[in-house]
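In terms of my numbering, the sequence shown opens at residue 1 and continues consecutively. Yeah, the Cβ is synthetic: ideal placement off N, Cα and C, and Gly gets one too. All values reported here derive from a predicted model rather than from experimental measurement.
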Amino acid sequence: MKTIDLPVQVTREEKRFLMEAALLYRDSRRYAEAQATFTGILPIVEDKYLVAVGLGSIHFEQAQFNEAVESFEAAIKLHPRSAIAYAHLGEALAFAKHREEADLALKKAVE
């Protein structure tokens with residue numbers, strides 16, 4: 001599917017609504033819809049790291065820990081001081097049996 005850029009401005013409230021919709025899909029275990037919504041809003045939101053955290057949380061909830069780690073690491077690249085991204089990364093690393101790396105990530109989360 002090809003996407004095109006449209007000369008449309010999305011308001012802050014609409015962006016927030018779309019982010020909340022993605023989170024509601026995730027929390028309802030409608031993972032395909034959540035992933036599609038997070039992916040779809042990525043080009044229009046300013047805090048792209050939150051989208052990466054959202055995508056990582058979808059992987060985590062499905063016990064896809066390595067994919068979750070990749071998403072949380074992507075979030076950290078976008079926002080190197082994000083405590084929430086480090087906390088989620090630490091949890092995913094722990095579940096992926098990378099205890100030492102998990103400990104380091106969790107320490108960074110509380111710095």
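Residue burial classification, residue i (beta-carbon count within 10 angstroms, cutoff 16)
| i | result |
| --- | --- |
| glutamate 46 | exposed |
| phenylalanine 17 | exposed |
| arginine 29 | exposed |
| glutamate 91 | buried |
| valine 110 | exposed |
| alanine 63 | exposed |
| lysine 51 | Inspection of the sequence shows that residue 51 is occupied by valine rather than by lysine. So valine 51 ends up on the buried side. |
C-beta atoms of residue i and residue j nearer than 9 angstroms
| i | j | result |
| --- | --- | --- |
| phenylalanine 65 | phenylalanine 95 | yes |
| alanine 83 | lysine 107 | no |
Closest Cα partner of residue i within the set the options
| i | options | result |
| --- | --- | --- |
| lysine 15 | Ile44, Ala75, Arg30, Lys77 | Ile44 |
| leucine 42 | Pro80, Asp27, Ala22 | Ala22 |
| phenylalanine 60 | His88, Arg99, Lys77, Val10 | His88 |
| alanine 32 | Leu55, Glu73, Thr11, Phe72 | Leu55 |
Beta-carbon contacts of residue i that lie in its chain and below 7 angstroms, excluding the five residues immediately before and after
| i | result |
| --- | --- |
| alanine 34 | Ala22, Tyr25, Arg26, Ile58 |
| valine 69 | Leu89, Ala92, Leu93, Ala96 |
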